[in-house]
């Protein structure tokens, strides 16, 4: 049904969305055309509540589709689930766009701020404005703060932004 590359990528996405149980759920969905959440729970030994949580996460990202019918005896809805591996590429692209947006915000922050640091492993660097408020002494260890060069961070972020833009064709 799926190529090995798509299958490996699908498993990574499943793992990110629901760990081992999501992987078992996806493995089951790959082997059939359409099924109900009850059938998935019975076949995979995953609690029904967890099956539904994972399915709704996958549904939110369009990785599974849903068809509902009404049970003629009870009148309750029955949800039939189907894997949509063709939507995997769109999901990955949207995630990359989201990451790109966050990286761009972080890059601008790094470019527009000077940072100070006390050189203690347990402490974090702080922007100039906070350093001034603290009279250039660390809040955590009370050591004096020194200017911290962030050119390396800026270069790494810019590199990652460029890679993602190329992947997205921007």
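In my numbering, the protein residues as written are 71 to 240.
Glycine included, every Cβ here is placed at the ideal spot set by N, Cα and C.
Keep in mind that this is a model prediction, so the values were computed, not measured.
Using a 10 angstroms sphere on the CB of residue 110, the tally of other CB atoms reaches 16 or more, which defines it as buried. In this structure, residue 185 lies away from residue 176, with their beta-carbon atoms at least 7 Å apart. Counting the other CB atoms within 10 Å of its CB gives residue 188 a total of 16 or more, which places it among the buried residues.
Here DSSP, grouped into helix, strand and coil, assigns residue 98 to helix. With respect to residue 96, residue 85 sits apart: the two C-beta atoms are not nearer than 7 Å.
Excluding five sequence positions before and after residue 116, the CB atoms of its chain that fall closer than 6 Å to its own CB belong to 91, given in chain order. Taking the Cα positions, residue 231 is about 10 Å away from residue 238.
If you draw a straight line from the Cα of residue 143 to the Cα of residue 167, it comes to about 46 Å. Membership of residue 114 in the alpha helix (DSSP H) is indicated by the continuous run 107-114. By the CB criterion at 7 Å, residue 211 and residue 193 fall inside the cutoff. Contact check for residue 107 and residue 122: beta-carbon distance about 5 Å, within the 8 Å limit, so the pair qualifies. Pairing residue 124 with residue 88 gives a Cβ-Cβ distance under 7 Å. Between residue 113 and residue 135 the beta-carbon gap is near 19 Å, outside 8 Å, which marks them as no contact. Relative to residue 80, the option among 118, 133, 129 and 126 whose CA is nearest is 133. Spanning the alpha carbons of residue 130 and residue 119 requires a straight line of approximately 17 Å. Under the DSSP assignment, residue 161 falls in the alpha helix (DSSP H) whose first and last residues are 158-181. When the Cα atoms are used, residue 78 and residue 99 turn out to be separated by approximately 15 Å. The beta carbons of residue 207 and residue 197 sit no closer together than 7 Å.
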